[in-house]
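Shown next, in structure tokens, is the structure this report addresses.
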């Protein structure tokens, strides 16, 4: 497959220029002021798919941000790969921690630094370029469909309806996704599980207005103190989540499976060093990889209340807020968990405050079987490029829409991620190594080749 | 004393105009962008004191905001009253909760609505106008000195040094202060105790950058969760503060004193109704007034960390912060408490986070004796105007500089406050009833008269 390496070598500068143009569009889906940028990013993708060689590409409006769909049908009897990705990105705050502006990509130390460099502009764009490569070298062995959405980072609220309304259009043998990571640059891996998500926002109200903490302190419940207390009580001393019924449906993993998973290369020292922490912390009785791979978790994603400016203000706030999300494992139903959280949080609120709980978004966990053709094709593709069999791993992350795809479209997904743990996705200074970007473009055509052969 | 009522009646419109001009200067001491406004407010006060009839008035620079000093010496052998007040005000956020702009005073329902309307522009300005009244009606029986500072709301960091450097200038028989409240418009009271303050800011750091809560959630300590847990553990189930040694020096109040204090008029139902709370909440074993009057307290004044914007961001924040303050009672040393808090907060931080603790400001508690001449003069003054003997009350608030005055200048203070609980000081829609403003101006000359007579 020399033609792959050659094509990439000849076009690598242009690939990067094209990706940078996409990255420069600040398509933050959670912030309404970026509405126009969402359309710009969708337009950019439509053009990119067409230029890469698609027969057609269109922008489909939804109740939220539009979906870009494009396809090239080489032979109705050939297998069909549906590429899924997203053009939206996470917010950039805290902006002051970025070394260079988040939407002005810069290459440093062989990495692209920018919001979306990995998640998911960089990774999704590898598929556009691998597709172009196969078209231009006359090596495309499958029909290809692209479905690129603009709401993944806010939980894909409209993609289920889109799938439901376009089942025929989206018919495919597998959904191919690059929106996850691999263990290390030289250790390829395939993500075989994703956690589900239940994301809540809570508001605790005490007195009807901010009060002077001298005149009232000690006599009136302070909602910030109460919120802290309520959050603290959501986990016990073993970091076990205390919401009644929370663990009822958690998938039980056998000791055999756990010892199999434990074989994946992992250095706790390097992990701690990379994060600059003295100790890891998590549910008692589980390893670090188990804590993110097979066990649910609960995190405060944001907390605010009272005076947060410069200096001292002696105030008892009227309200305090938190965003709290739970990562779920297979069999845990996110809607059920959302309800359990809501009921629990309201039930254990003390009588001197009032509590509001709002579900922001959620999604089901997903397990990708290792005995399907697409898994085998991916395994062979990585082996071709890396000379190493990839390791199956359970990721702690969530791509809620993946479970929805299976429900609505009846299609399994294969998660060929090229991100690295050091990519700082969702964080300041997000980055994506150039080598990962080009290796991804190289690996994808191998997948198509093996998939077409296995499906014969 | 008909001349007092007459003078007020003839000049009430002008008094208000002059106060409004002072209020319109946004002299927020905790926000550095208001540096120029601090100078403007000081200039305004200097002019006001001179116009009211002072022999001289000057602005004294300090390491922070300047102090305005002015005096009128009628007779070196007459008693001297030193009026203390402050021209700085609290921040205005949350600004969206103000019905009218905070620095554009408006009269509604017989009240002045504005930041500083009560605390302390409205209350301090009563003294300027009462002074003018006595000068213009030839009834001033004492020497008067004014000391108006611009850093009360940030803990008067430079006023101690100013006092230390101007002991001769500030010599007086009593310090007269209107920066507290009274029980109700028809129930005059004199504040005989103020709580001390220890105001801290804490920072909890987990991983060295914000992390993706899916990839890391459950495996790495989340500083927002940890901060919540640490805050929760600062008080036990009886709302007793758990910092070792915290209560060691707390003044013990006898049952007799407690039952005497319990005679002050108070309606728990009205209190709850005014704050719109179902239950009060505080230290077990104490009444609401005891919880603010004679017991220390601990409040979160602000908390922040992670994503606090619109929508959902799945992030484990690198850092979480809180502003936490403690109100202290007589005998508790604020520097000792600050140290106890700092040591405790650091000591009980788990090994998987790092903690920084910073003292923002503090001050000692103060008790004003009821057997001194100034107390008796105030008692007689209120009785003249309200036809009721005022009730001595312990306030939950703090004016840390009052204890400093006694330490450095050796002068006791008398706290003749005309604020009401409904004035919402430090909160949105701060207000000050016109009746309180004018009654204050009327009561003050009675104080001077009785004080001069008692000191003969």
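Residue numbers (the numbering used here), protein chains in the order written: chain Z, 207 to 662; chain F, 207 to 662.
Virtual Cβ for every residue (Gly too), placed ideally from N, Cα, C.
Minimum Cβ-Cβ distance from residue i to chain F less than 9 Å
i	result
residue 572 of chain Z	no
residue 305 of chain Z	no
residue 292 of chain Z	no
residue 495 of chain Z	yes
residue 431 of chain Z	yes
residue 644 of chain Z	no
residue 456 of chain Z	no
residue 490 of chain Z	no
Distance between residue j and residue i (C-alpha atoms, nearest Å)
i	j	result
residue 276 of chain Z	residue 428 of chain Z	54 Å
residue 465 of chain F	residue 600 of chain F	13 Å
residue 498 of chain Z	residue 328 of chain F	58 Å
residue 449 of chain Z	residue 388 of chain Z	33 Å
residue 342 of chain F	residue 259 of chain F	8 Å
residue 654 of chain Z	residue 436 of chain F	53 Å
residue 467 of chain F	residue 660 of chain F	27 Å
residue 433 of chain F	residue 410 of chain F	6 Å
residue 462 of chain Z	residue 473 of chain Z	21 Å
residue 351 of chain F	residue 513 of chain Z	35 Å
residue 627 of chain Z	residue 507 of chain Z	19 Å
residue 616 of chain Z	residue 624 of chain Z	25 Å
residue 366 of chain Z	residue 614 of chain Z	7 Å
residue 587 of chain F	residue 403 of chain F	31 Å
residue 610 of chain Z	residue 252 of chain Z	24 Å
residue 602 of chain Z	residue 560 of chain Z	33 Å
residue 360 of chain F	residue 332 of chain Z	55 Å
residue 479 of chain F	residue 399 of chain Z	53 Å
residue 455 of chain F	residue 229 of chain F	40 Å
residue 283 of chain Z	residue 632 of chain Z	40 Å
residue 383 of chain Z	residue 424 of chain F	25 Å
residue 334 of chain Z	residue 345 of chain Z	15 Å
residue 484 of chain F	residue 422 of chain Z	15 Å
Environment of residue i [buried if 16+ CB atoms lie within 10 Å]
i	result
residue 303 of chain Z	exposed
residue 316 of chain Z	exposed
residue 314 of chain F	exposed
residue 644 of chain F	buried
residue 371 of chain Z	exposed
residue 649 of chain F	buried
residue 301 of chain F	exposed
residue 453 of chain F	exposed
residue 349 of chain Z	buried
residue 413 of chain Z	buried
residue 665 of chain F	Outside the modelled stretch of chain F, which goes from 207 to 662, sits residue 665 of chain F, for which no answer is possible.
residue 646 of chain Z	buried
Proximity of residue i and residue j at Cβ, strictly below 9 Å
i	j	result
residue 217 of chain Z	residue 244 of chain Z	no
residue 442 of chain Z	residue 515 of chain F	no
residue 323 of chain F	residue 637 of chain F	yes
residue 293 of chain Z	residue 326 of chain Z	yes
residue 407 of chain Z	residue 563 of chain Z	yes
residue 274 of chain Z	residue 355 of chain Z	yes
residue 607 of chain Z	residue 290 of chain Z	yes
residue 621 of chain F	residue 269 of chain F	no
residue 639 of chain Z	residue 318 of chain Z	yes
residue 415 of chain F	residue 634 of chain Z	yes
residue 496 of chain Z	residue 445 of chain Z	no
residue 426 of chain F	residue 486 of chain Z	yes
residue 509 of chain F	residue 511 of chain Z	yes
Beta carbon proximity, residue i to chain Z, threshold 9 Å
i	result
residue 441 of chain F	yes
residue 263 of chain F	no
residue 563 of chain F	no
residue 320 of chain F	no
residue 308 of chain F	no
Distance cut-off 8 Å: residue i Cβ against heavy atoms of the ligand HEM
i	result
residue 256 of chain F	Because no ligand of any kind appears in the structure shown, any question about the ligand HEM cannot be addressed here.
Legend entry - Three CB pairs or more closer than 8 Å across the region 388 to 404 of chain F and the region 583 to 597 of chain F: yes
Inset, instruction - Take every Cβ of the region 521 to 540 of chain F, pair it with every Cβ of the region 568 to 578 of chain F, and state whether three or more of those distances are shorter than 8 Å. - result: yes
Inset, instruction - Count the CB pairs spanning the region 548 to 555 of chain F and the region 372 to 379 of chain F that are closer than 8 Å, and state whether there are at least three. - result: no
Inset, instruction - Indicate whether the contact test is met: 3 or more Cβ pairs, each with one atom in the region 304 to 311 of chain Z and one in the region 359 to 373 of chain Z, closer than 8 Å. - result: In this structure the region 304 to 311 of chain Z does not touch the region 359 to 373 of chain Z; the number of beta carbon pairs closer than 8 Å is below three.
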